[in-house]
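These notes are about the structure you will find just below.
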Amino acid sequence: MSDLDELRALQHGVVSRAQVLAAGVTVDALLWAIRSRRWRRVHAGVYATFTGPLPFEAQVWAAVLRAGRGAAASHRTAAYLDGLCDDAGPVIHVTVPASRYVEPRIDGVRVHFARRLPTTRHPSKNPPRTRIDETVLDLVDVAPHPREAEGWVTAACQRRLTTPDRLADALARRKKIRWRPMTEAMLADVADGAQSPLELRHLRRVERAHGLPAGCRQRRITGSRVSWIDVDYDEYRVRVELDGRIGHTGEGRFRDRRRDNRATVDGHATLRYGHADVFGDACGVAAEHVRVLRARGWTGRPRSCGPSCRVRFHDHQGSVGR
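Numbering (our numbering), first residue to last: 1483 to 1804.
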């Protein structure tokens, strides 16, 4: 293969003008390829050497080549390439070294600048992209809401693309990042077994905020079939299931019902909550927890999380609520 053929194979059929000329192709030959519509211009100085739609990887290569030396796919684009998300979004995200000037307006491309890009760019992956831990933190940094930041961290750990320890190391190397205190706490929570923003919210806003006993998270239960308990207060035979929208409809709903029924037969109480419960009324959820735990032997003292909290400690018998 010629040098140009190798580049075309590596870069999904996309090449830059500088690469074409360096491979020995003359300017006249390049212009002929474009005029004959064998090749076509994607961005200024960047060409697709084939006809038909551009696959996603070719679009990424075109954006990286247009951005120039040292550029790498980043943010949601890098997340999609590495399997962190299932939707690439409407634009290609590219980061370039902060020391370089790049025209920020490139059709279909959003350009970011970073001082640490030489160390945060993955050394070998193609198309060039940021390392997965840096991609997660980039997305946390631009997240408009803390719940979205939680989603990126938990998705990366749930899909086994990284670990809380690796993310914590990458976070420590960053001088500035949005949502830092929350992210540091969240990484510790994920390491303790919380697997989703819903579970993180339950851990912080229901359990810890109201002084409840510490539950065992993601506990593996074996029997006729293996099952997992989201939060298990084993000493008091109370289980909490936190249901997201995925996996709890159709057959998933009946599977949950059978699991709850088996737990009841075995003497366990099961409390089940969704996003609207935990995010919308954490104090109400905590109050229900206290009632059930009290009835099953918990003698601890719950606490109010604020002036309007529905959890109250009234007497030695442990009645709660307003």
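A virtual CB, placed ideally from N, CA and C, is assigned to each residue, including glycine.
Distance CB(residue i)-CB(residue j) smaller than 7 Å
i, j, result
"ALA1751", "VAL1774", "yes"
"GLY1693", "ARG1785", "yes"
"VAL1578", "ALA1560", "no"
"ILE1586", "VAL1593", "It is Pro, not Ile, that sits at residue 1586 in the sequence shown. A contact, by the Cβ cut-off of 7 Å."
"PRO1610", "ALA1554", "yes"
"THR1531", "ARG1490", "yes"
"VAL1496", "ALA1545", "no"
"LEU1680", "LEU1724", "yes"
"TRP1661", "ALA1631", "yes"
"TRP1543", "GLN1501", "no"
"LEU1547", "VAL1528", "yes"
"ALA1580", "ARG1603", "no"
"ALA1777", "ARG1792", "no"
"VAL1713", "ARG1690", "no"
"GLY1749", "ARG1701", "no"
Classification of residue i by the beta-carbon crowding that lies within 10 angstroms, buried from 16 upward
i, result
"ALA1764", "buried"
"ASP1485", "exposed"
"LEU1563", "buried"
"GLY1729", "Reliability of the predicted coordinates at GLY1729 is poor, the pLDDT of 37 falling under 50, and the value obtained from them is presented with this limitation in mind. Burial call: exposed."
"HIS1627", "exposed"
"THR1508", "exposed"
"TYR1583", "exposed"
"ALA1540", "buried"
"TRP1710", "exposed"
"GLU1733", "Its pLDDT being 46, under 50, GLU1733 is placed unreliably in this model, and the value from its coordinates should be taken loosely. Exposed: under 16 other Cβ atoms inside 10 Å."
"THR1612", "buried"
"TRP1514", "exposed"
"ALA1511", "exposed"
"ARG1721", "buried"
"ALA1676", "buried"
"ASP1759", "buried"
"ARG1727", "In this prediction, ARG1727 has a pLDDT of 45, which is less than 50 and means its spatial position is unreliable; nothing more can be read from the coordinates."
"ILE1516", "exposed"
"GLU1717", "exposed"
"THR1533", "exposed"
"SER1790", "exposed"
"ASP1589", "exposed"
"THR1731", "Because the pLDDT at THR1731 is just 42, under 50, the model does not fix this residue reliably, and the value given afterwards should be weighed accordingly. THR1731 is exposed by the Cβ-count criterion."
"SER1678", "buried"
CB-CB length for residue i against residue j, believed under 8 Å
i, j, result
"LEU1619", "ILE1659", "6 Å"
"PRO1646", "LEU1669", "5 Å"
"HIS1557", "LEU1621", "6 Å"
"PRO1695", "GLY1782", "6 Å"
"THR1665", "LEU1653", "6 Å"
"HIS1771", "VAL1688", "7 Å"
"LEU1649", "ASP1615", "5 Å"
"ARG1641", "GLY1571", "No, ARG1641 and GLY1571 are not in contact; Cβ-Cβ is about 18 Å, not under 8 Å."
CB contact below 7 Å: residue i versus chain D
i, result
"ILE1703", "Looking for chain D here will not work: only one protein chain is present."
Proximity test, residue i beta-carbon vs the ligand FMN heavy atom, cut-off 6 Å
i, result
"THR1752", "Only the bare structure without any ligand can be found here, which leaves the ligand FMN out of the picture."
Which residues DSSP lists as bridging residue i, in chain order
i, result
"ASP1817", "Any answer about residue 1817 is impossible in this case: the structure gives the chain only from 1483 up to 1804."
"PHE1595", "VAL1578"
"HIS1525", "VAL1528"
"CYS1554", "Looking at the sequence itself, residue 1554 is Ala, so the reference to Cys does not match. According to DSSP, ALA1554 bridges with THR1577."
"ARG1611", "ALA1555"
"SER1498", "VAL1528"
"TYR1755", "LEU1724"
"ILE1703", "SER1709"
"ILE1588", "VAL1591"
"ARG1603", "THR1612"
Q. Counting only runs that start and end within the region 1623 to 1687, where is the alpha helix (DSSP H) found for 4 or more residues in a row?
A. 1628 to 1640, 1646 to 1654, 1662 to 1673, 1679 to 1683
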